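So the structure is just underneath, and the comments pick up after that.
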Amino acid sequence: MVTTHILGFPRIGEHRELKFALERYWRGEISQQELESAGQTIRRHNWTKQKESGLGYVTVGDFAWYDHVLNTSLLLGHIPARHRSQTLSLDTLFSIARGKEGSGCGCSNRAASDMTKWFNTNYHYIVPEFSQDDKFEVSWTQLFDEIQEAQSLGHQVKPVLIGPLTYLYLGNETDKSFDKKALLPALVDAYRVILERIKQLGVDWVQIDEPILALELDESWLDLFKPTYESLSGSVKLLLATYFSGVGHVLETIGELKVDGLHLDLVTAPQQLSDALATLPASWIISLGVINGRNVWKADLDKWLSVLTPVLNDFSEREFWIGSSCSLLHSPVDLTLEKTLSVETGSWFAFAYQKLEEVRLLSEALDGNEKAQKACEEYSIPVRQRQKNVRVNKKEVAERIAGLTAANSVRKLDYSDRVSYQQEELKLPLLPTTTIGSFPQTDDIRKTRSAFRQGRLAENEYKTAIQQEIARTIREQEALDLDVLVHGEAERNDMVEYFAENLSGFQTTKFGWVQSYGSRCVKPAIVVEDVTRPAPMTVEWSQYAQSLTKRPVKGMLTGPVTILGWTFPREDVSRETVALQIALALKDEVDDLQKAGIGIIQIDEPALREGLPIKQTEHQAYLDWAVRAFRLSAASAWPETQIHTHMCYSEFNEIIESVSALDADVITIETSRSNMALLDAFREFRYPNEIGPGVYDIHSPNVPDVEWMTSLLRKAAKLIPHQRLWVNPDCGLKTRGWTETRAALKNMVAAARVLRKELA
Ligand code: GLN
Ligand code: ZN
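In terms of numbering that gives the first Met the number 0, the sequence shown opens at residue 0 and continues consecutively.
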């Protein structure tokens with residue numbers, strides 16, 4: 000009998016109940032008790048689903064109020080020094096994640112922690128902060144409480160924990176002069192306490208996630224695994240979980256660890272199985288991650304059945320588990336909520352609930368159940384039919400891509416020659432101020448869009464309403480005296496979904512939400528066919544905005560790598576091909592925008608970095624095609640058309656050359672949360688074009704004061720020649736309210752004025 004499990008389940012709830020409860024709690028509309036009961040309902044529901052699907056274990060410890068890495072920090076009693084005076088509570092957790100409201104400037108001692116992307120996903124975690132004298136003391140009982148909660152409901156529980164080395168690896172050192180590895184012994188002691196406590200709760204197996212094993216770790220890290228797991232062994236059984244890429248390159252090391260089993264992601268790296276079987280101790284269980292936790296396509300169960308049947312026969316002595324490739328955190332919750340998909344399209348997908356069924360069905364088939372074997376065969380029919388689908392790999396699209404040459408990705412002039420055309424055209428002041436694109440998405444805007452979608456609002460009324468919003472946004476920006484304006488993106492539900500809806504080749508969903516960070520969820524579209532552009536997508540709105548003002552309005556597009564990165568990709572076509580298809584569509588859009596009188600066009604690529612393959616040795620190949628796709632989308636711009644791009648993350652050093660190779664005239668980036676640390680990358684590498692380092696953190700409701708932003712700008716001006724320095728927030732403002740936005744931008748413009756004076 001194969002045992003079944005998943006690595007984790009979405010925590011947001013079928014209808015994003017967690018999101019809504021959190022936001023109500025933060026607004027002071029519900030009590031902590033009500034918030035806790037909302038969380039409990041979701042957990043119970045998730046466990047019941049897993050049990051109903053017949054899984055051998057329900058996973059506990061995957062629920063988090065904000066983020067599972069932050070949960071681990073609390074569990075370990077390891078929180079940033081500036082939050083330590085407080086007794087640990089849910090509010091401590093939220094203030095680490097979001098900063099503390101009303102604490103004055105962004106530099107206050109209660110600033111939010113850094114947030115960054117979880118491996119190559121679009122999930123963000125709160126980065127642990129390590130300093131020399133850190134202590135670890137198991138202090139937050141959520142995990143233990145939830146284990147008992149699940150047990151009291153009669154579930155067979157498998158808790159999940161982030162492993163100590165991954166936890167340590169993912170954190171930042173607050174003081175660069177010390178090596179966080181020095182904290183490992185103390186950290187391991189705390190983990191032993193945790194595991195012992197879990198054991199006392201009557202648990203057999205703990206899933207301990209060490210996804211960093213899939214990276215190409217250097218020896219100083221790899222060597223730590225053996226002693227660490229030596230120390231951790233002896234209480235509960237440990238299933239070491241790896242995912243997002245293969246671990247074939249470190250199987251020797253893994254095989255020496257004192258654990259009791261290994262989970263392999265066989266979706267991204269099927270080839271590692273045979274080596275694992277040959278290398279790992281026979282007593283270990285192997286957990287076969289075959290159901291893709293981060294895509295929406297139905298699994299080809301029949302294929303897996305024929306691949307795995309001989310494996311199970313040949314290794315009949317070994318115990319196998321079957322499960323998801325990684326946590327289902329990255330997958331939408333329930334396909335049956337989608338009532339508007341065509342029967343054919345609907346038959347291609349499986350969301351988290353459906354994936355539970357896939358695990359069950361495959362395990363029954365592998366156990367020799369003939370009915371299940373037959374069912375697997377039938378299950379795979381639509382999967383295979385789709386692969387033959389005539390609407391993919393169309394000849395004309397393939398030919399347009401095959402016909403591209405290097406010259407198609409190059410602008411007519413170099414930046415150094417374009418810049419004078421742009422100065423002439425735009426006549427901007429020193430340190431021009433701008434924003435990243437979106438302005439607050441008010442309830443009214445949301446209501447307008449949803450009324451239009453549901454057919455309750457006629458098209459011309461909808462247009463008028465959006466135009467009014469654009470006009471208001473333009474007026475606000477003029478009043479604030481910003482230099483480069485934006486139309487505000489009121490017509491966009493989401494920066495990728497909007498394009499997915501306007502391009503052809505995507506399927507969007509109504510409820511396919513996935514957590515991005517905290518209460519923020521995104522609804523990735525699905526690439527189902529070749530991507531093409533039936534008509535201009537943004538020209539009308541940008542042109543309208545420009546008609547209202549003499550100041551330049553920046554057109555706003557989402558770049559090819561980000562559209563691809565934040566949608567569910569096809570499994571039968573390379574990412575590179577799809578990126579180029581999208582790039583061609585955007586190239587036509589750029590051309591239409593400039594012809595319509597838009598002199599500045601921003602092509603956002605916030606997902607460029609997270610698209611990096613897990614393994615370093617594969618980075619360059621990815622960066623090459625990613626850069627090519629971006630450049631292709633911008634290459635139709637005239638010399639006087641200023642191309643901006645935007646990225647919002649803080650680990651930049653590694654890709655700086657590729658960022659520079661994008662050849663955007665201006666790049667805006669996130670730096671405020673890390674106190675301009677990001678700009679270190681620019682110390683060594685002279686970025687040749689213009690830069691807007693974000694001077695305030697839009698992820699937090701704090702209104703930064705003029706002093707704080709001025710000081711950040713001073714730092715930036717030391718590294719970037721001020722002729723090439725821009726002033727802007729670090730991301731779009733759609734999640735903020737108007738009051739705080741107005742106040743923050745007012746201070747930002749004032750800070751730019753102070754600096755202009757100083758530099759003059
Ligand atoms: N233009 C987008 C906005 O302002 C960019 C968002 C992002 O980088 N994530 O919302
Ligand atoms: Zn951003």
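Yeah, the Cβ is synthetic: ideal placement off N, Cα and C, and Gly gets one too. In this text, all values refer to a predicted model and were calculated from it rather than measured experimentally.
- beta strand (DSSP E) runs wholly inside the segment 17-76, at least 3 long, in chain order: 57-59
- Item | Gln-440, DSSP secondary structure in three states | coil
- Top-ranked residue by Cα proximity to Ile-400, from Thr-308, Phe-8, Ser-573, Asp-259: Between Ile-400 and the set Thr-308, Phe-8, Ser-573, Asp-259, the nearest pair of CA atoms involves Ser-573.
- Query: Pairing CB atoms from the segment 621-639 with CB atoms from the segment 557-577, are three or more of them under 8 Å?
  - Reply: yes
- Query: Which word fits Phe-314, buried or exposed, when buried means at least 16 other C-beta atoms lie within 10 angstroms of its C-beta?
  - Reply: exposed
- Inter-residue Cα distance where the pair is Gly-731 and Asp-493: 11 Å
- May I have the straight-line CA-CA distance separating Phe-684 from Ile-655, to the nearest angstrom? The C-alpha of Phe-684 lies about 8 Å from the C-alpha of Ile-655.
- Query: From Arg-723, Pro-309, Tyr-695, pick the residue whose C-alpha is nearest to that of Ser-710; which is it?
  - Reply: Checking every option, the nearest Cα to that of Ser-710 belongs to Tyr-695.
- Item | Cβ neighbour criterion (16 or more within 10 Å) applied to Asn-459 | exposed
- Whole-Å CB distance - Gly-736 paired with Pro-439, under 8 Å assumed: 6 Å
- Hey, how far is the Cα of Leu-276 from the Cα of Val-1? Approximately 16 Å, taken between the alpha carbons.
- Query: In angstroms, rounded to a whole number, what distance separates the CA positions of Lys-393 and Pro-559?
  - Reply: 19 Å
- Ile-602 in three-state terms, based on DSSP: strand
- Message: Taking the beta strand (DSSP E) that Phe-505 belongs to, which residues open and close that run?
- Response: 503-506
- Heavy atom of the ligand ZN within 8 Å of Met-646 beta-carbon: Yes.
- Item | Three or more C-beta pairs below 8 Å linking the segment 261-276 and the segment 329-341 | No, they do not touch.
- Message: When you compare the CB positions of Arg-293 and Asp-571, do they come within less than 9 Å of one another, or not?
- Response: no
- Message: Checking 9 Å against the spacing of the C-beta atoms, do Ser-515 and Lys-733 come in under that value?
- Response: no
- Leaving aside the five residues before and after Asp-264 along the sequence, list all residues of the same chain whose C-beta is less than 8 Å from its C-beta, in chain order. Ala-213, Thr-241, Tyr-242, Phe-243, Ser-244, Gly-245, Gly-288, Ser-324, Cys-325.
- Residues bridged to Met-646 by DSSP? Ile-668
- Could you give the DSSP three-state label for Val-483: helix, strand or coil? strand
- Grab the span of the beta strand (DSSP E) containing Lys-157 for me, first residue to last. Its beta strand (DSSP E) spans residues 156-161.
- Leaving out five residues before and five after Thr-561 in sequence, what residues of the same chain have Cβ atoms less than 8 Å from its Cβ? Met-494, Val-495, Asp-603, Glu-604, Pro-605, Ala-606, Leu-607
- Throw me the rounded Cβ distance for the Val-748 and Thr-433 pair, which I believe falls under 8 Å. Actually they do not touch by this definition, with Cβ atoms about 10 Å apart.
- Query: DSSP state of Ala-751, grouped into three classes?
  - Reply: helix
- Item | Gln-384 Cβ short of 8 Å to the ligand COA heavy atom set | The model depicted lacks the ligand COA and carries the ligand GLN and the ligand ZN instead.
- Task: Return the CA-CA distance between Ala-450 and Leu-456, expressed in angstroms with no decimal places.
- Result: 5 Å
- Task: Enumerate in chain order the residues of its own chain whose CB-to-CB distance from Gly-7 is below 7 Å, with the five nearest sequence positions on each side excluded.
- Result: Thr-58, Asp-61, Val-159, Ser-326, Leu-327, Leu-328
- Task: Could you check the C-alpha separation between Phe-651 and Arg-713 for me, to the nearest Å?
- Result: Spanning the two alpha carbons is a distance of roughly 20 Å.
- Query: beta strand (DSSP E) containing Tyr-124: first to last residue?
  - Reply: 123-125
- Taking only the alpha-carbon atoms, compute the straight-line gap between Leu-183 and Glu-255 and give it to the nearest angstrom. 19 Å
- Query: Buried or exposed: which applies to Thr-740, given that a residue is buried once 16 or more other Cβ atoms fall within 10 Å of its Cβ?
  - Reply: buried
- When Tyr-378, Ala-364, Ala-374, Asn-368 are compared against Ala-349, the one with the closest alpha-carbon: Tyr-378
- Query: Among Arg-43, Lys-225, Ile-207, which one has its Cα closest to the Cα of Ala-149?
  - Reply: Checking every option, the nearest Cα to that of Ala-149 belongs to Arg-43.
- When the distance is taken between beta carbons, is Glu-689 closer than 9 Å to Leu-724? yes
- Lys-446 in three-state terms, based on DSSP: helix
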